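Notes follow the structure.
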Amino acid sequence: MREAFTMWRDTRMIMLVAVVAAVYAAILVPFKAFQIIPGFVSVRPANVFPVIFGLMFGPAAAWGSAIGNLIGDIFGGTLSPGSIFGFVGNFFYAMVGYKLWGSLGPLSSGNEPDFRSNTGTQLAEYVVIAAVASALTASTIAWGLDTLGLAPFPAISISIGVNNFLTSAILGPILLFLLWGRVKDLGLLYPDVMRSEDLPDVGTSRTQLAAYGFLVVAFVWIAVGTFVAPPGSTFQLVLGAVGLVLAFALAAVSGERLSSIVS
Amino acid sequence: MSGSTSLYVDKPTIFHRLTARSKLALLVGVLTTAYVFGNPVVVAVPLVALFVALVYAGGWRNVKRLSFVIVAVFLVGFVLWPAFTPPGDTVVFRTPWFAVTTYELLFALGRSERIVAFILGGLLFITTTSNEEIVTGLRSLGLPYAFCFAVGTALRLFPTFLGATGTVRQAQAARGHEVSGANPIERFRAYIPLIVPVFMTAVRSVQTQAMALEARGFDPRRDRTFYDKPTFGTVDWAVVVVGLVLVVGSVWLSFQGYGQV
């Protein structure tokens, strides 16, 4: 997670944070009217952005998605203490992309996510990442809203998880196909913008272990929180606290492989 | 800032004159009272207080604008919570499929009021705090300058990109691409082709804006000053104390068993 802090030294990364946040919010707000669970879950084509931005802009996208979601809450009129969990959840939503790409062992394609070659394995890798990112985001937000007594975990986790996954899994590969090369030509992919010494220097085995850790934490948390732990219970509270601490711990120990894949 | 997106209302009220920090402290106090109690009669107190404050601060227009979300949030919470609440003793009404008890009804009502109170609290903050004050407030809370700068820039760029979406939409419409219509799925699909040009317009500006910033001596690691830095006066301190009293008092009362269903 070192890169999430060292990126603030670079002016272009800071501008990317602002642009990602503004674009995310600009696509979020017009769709605030299309509510699935009013006030909590809306139709969000913008949900495709955190994952693909994460792959393109790395830590700048993580901060940008978090800030963009907050701006969406502000201008959509749904700013509340629950927005804090929306901030954290959307941070993870983008972070999982660049942390997991290339780190999933046999599930990884070994290519940069341009969907130009080896498309089938790239698609499989992307879908796994979208599922992990969606599950982790949904769990974080649903746990926060459940803890605040705003909405029950099962109702929110399923709707956010499915909503996020479908949008990012369907639209993501199309947009990456259209955008990856253009952004790369502009020299704005995070491995091109950030200095190599600002990126985490972590061995392959640790990066891979952390990637699978994310996968396990995300799926176990959402499954147990939705189908086993009663909403508003101490079990739910403890489960979420453990899940969140583990997610941050994995983020702290993990590295990233995408920068070594990008040619 | 485009008038169509901003919820800020410029009005000389006491809430507008407070600094962002003291407003946050007061909000934390009021929202804590909405959070720690469950009895709908008790939760109604901070809810009504926030509504009155919001109307006083000129936020009635914002309430009307978001009335659909507020009403829907209230109703959804009211319907959802009984399904996730342990049943009580006294049945209020029974159908062939389910029965609703007094406990479930009061619990759901309290929770729905809490959600609305939280949303009105956020709305009060946004109604009385400009984007510039939000950024200055974040800095005064001790957040790093680079982060505050990114938030401020995003807040400034957001309406620009929202406007760019409109421009691209009009340009595509001129080429025969239909983006309006009653069917939400069709509208959703119609918006997809707009995403790429809006995104590329935004990303292309990163290089030039970064260069412009550095040419003006921008350095994220150096501290900087603000032109309009509000002073934290006596009234602000008094408001912080009120917020603190509300937090401590409401938590203590709830531990004593008051205000629960």
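Same order as they appear, the protein sequences are chains A and B.
For the first sequence, the numbering used here gives the first residue as 5, with consecutive numbering after it.
For the second sequence, the numbering used here gives the first residue as 338, with consecutive numbering after it.
Cβ coordinates follow ideal geometry from the N, Cα and C atoms, glycine included.
Please read all numbers here as calculations on a predicted model, not as lab measurements.
Between residue i and residue j, how many whole angstroms is the CB-CB distance? I'm expecting something under 8 angstroms.
i	j	result
A/Gly153	B/Arg448	6 angstroms
A/Pro54	A/Asn94	6 angstroms
A/Leu192	A/Leu20	7 angstroms
A/Val221	A/Ser258	That belief does not hold up - the Cβ atoms of A/Val221 and A/Ser258 are roughly 12 angstroms apart, past 8 angstroms.
B/Ala539	B/Phe486	Going by Cβ atoms, the distance from B/Ala539 to B/Phe486 rounds to 17 angstroms, so no, they are not a contact pair.
B/Val588	B/Val365	Not a contact, Cβ separation roughly 12 angstroms.
A/Arg186	B/Met537	6 angstroms
B/Phe495	A/Thr15	Not really, about 20 angstroms apart at Cβ, beyond 8 angstroms.
A/Ser113	A/Asn122	5 angstroms
A/Thr151	A/Leu243	Not quite, the Cβ-Cβ distance comes to about 11 angstroms (not below 8 angstroms), so this is no contact.
A/Ala65	A/Ala98	4 angstroms
A/Ser172	A/Val92	No, A/Ser172 and A/Val92 are not in contact; Cβ-Cβ is about 18 angstroms, not under 8 angstroms.
Thinking just about the alpha-carbon of each residue, which of the options is nearest to the one in residue i?
i	options	result
A/Gly80	A/Val33, A/Lys103, A/Val92	A/Val33
A/Gly3	A/Gly106, A/Val23, A/Glu116, A/Lys103	What the structure shows of chain A is the stretch from 5 to 267, and residue 3 of chain A is not part of that stretch, so it cannot be assessed.
A/Trp147	A/Phe239, A/Val131, A/Met17, A/Ala29	A/Phe239
A/Val246	A/Phe231, A/Gly259, A/Val224	A/Val224
B/Ile407	B/Gln544, B/Gly479, B/Leu460	B/Leu460
B/Trp477	B/Arg402, B/Ala436, B/Met548, B/Pro567	Checking the displayed sequence, the identity of residue 477 of chain B turns out to be Ser instead of Trp. Comparing Cα positions, the closest option is B/Pro567.
A/Tyr130	A/Leu140, A/Thr141, A/Asp118	A/Asp118
A/Lys188	A/Ser121, A/Val266, A/Val100, A/Thr208	A/Val266
A/Leu254	A/Ile56, A/Ser69, A/Val100	A/Val100
A/Trp67	A/Phe9, A/Leu219, A/Ser138	A/Phe9
B/Leu391	B/Lys348, B/Ala549, B/Leu531	B/Lys348
A/Asp202	A/Leu111, A/Pro110, A/Ser263	A/Ser263
B/Thr562	B/Pro481, B/Phe405, B/Asn520, B/Pro423	B/Pro481
B/Thr490	B/Arg526, B/Pro530, B/Ala547	B/Ala547
B/Pro423	A/Ser237, A/Ala256, A/Val52, A/Tyr194	A/Ser237
A/Gln126	A/Pro63, A/Phe181, A/Ala64, A/Ser69	A/Phe181
B/Val416	B/Ala436, B/Arg512, B/Gln597, B/Ile529	B/Ala436
A/Ala70	A/Tyr28, A/Tyr102, A/Ile56	A/Tyr28
Tell me whether residue i is buried or exposed, calling it buried when 16 or more other Cβ atoms sit within 10 Å of its Cβ.
i	result
A/Ser161	buried
B/Arg438	Just to set this straight, residue 438 of chain B is Thr in the shown sequence, not Arg. Buried: at least 16 other Cβ atoms inside 10 Å.
B/Arg451	buried
B/Gly570	exposed
A/Glu116	buried
B/Arg506	buried
A/Phe252	exposed
B/Ile351	exposed
B/Lys401	exposed
B/Lys360	buried
A/Ser143	buried
B/Phe444	buried
B/Trp434	exposed
A/Ile88	exposed
B/Phe430	exposed
B/Ala575	exposed
A/Pro110	exposed
B/Ser404	exposed
B/Tyr370	Here residue 370 of chain B turns out to be Thr, not Tyr, going by the sequence shown. Buried: at least 16 other Cβ atoms inside 10 Å.
B/Gly594	exposed
B/Asp560	exposed
A/Val136	buried
A/Ala256	exposed
B/Asn399	buried
Determine the contact status of residue i and residue j, defining contact as a CB-CB distance below 9 angstroms.
i	j	result
A/Val197	A/Met17	yes
B/Val346	B/Ala394	yes
A/Ile75	A/Ala155	no
B/Leu475	B/Pro377	no
A/Pro158	A/Phe96	no
B/Ile471	B/Leu344	no
A/Gly58	A/Ile145	no
A/Leu30	B/Val543	The sequence as given places Ala at residue 30 of chain A; Leu does not occur at that position. Contact: no.
B/Val579	B/Leu363	yes
B/Thr502	B/Leu355	no
B/Ala510	A/Trp12	no
A/Leu140	A/Phe61	no
A/Ile4	A/Leu104	Because chain A here runs from 5 to 267, residue 4 of chain A falls outside it and cannot be looked at.
A/Arg6	A/Ser107	no
A/Val166	A/Ser200	no
B/Gly586	B/Phe374	no
A/Leu175	B/Ile529	yes
B/Thr473	B/Ala357	yes
A/Ile56	A/Leu183	yes
Mind checking if residue i is an interface residue toward chain E, Cβ cutoff 9 angstroms exclusive?
i	result
B/Asn399	Within the model displayed, chain E is absent; protein chains A and B are what it includes.
Could you check whether the Cβ of residue i sits closer than 8 angstroms to any heavy atom belonging to the ligand GDP?
i	result
B/Phe495	No copy of the ligand GDP appears in this structure; indeed no ligand is present at all.
Report yes or no: do three or more beta-carbon pairs, one from the region 443–461 of chain B and one from the region 76–93 of chain A, lie closer than 8 angstroms? yes
Is the region 371–388 of chain B touching the region 412–419 of chain B in the sense that three or more CB pairs, one from each, lie closer than 8 angstroms? no
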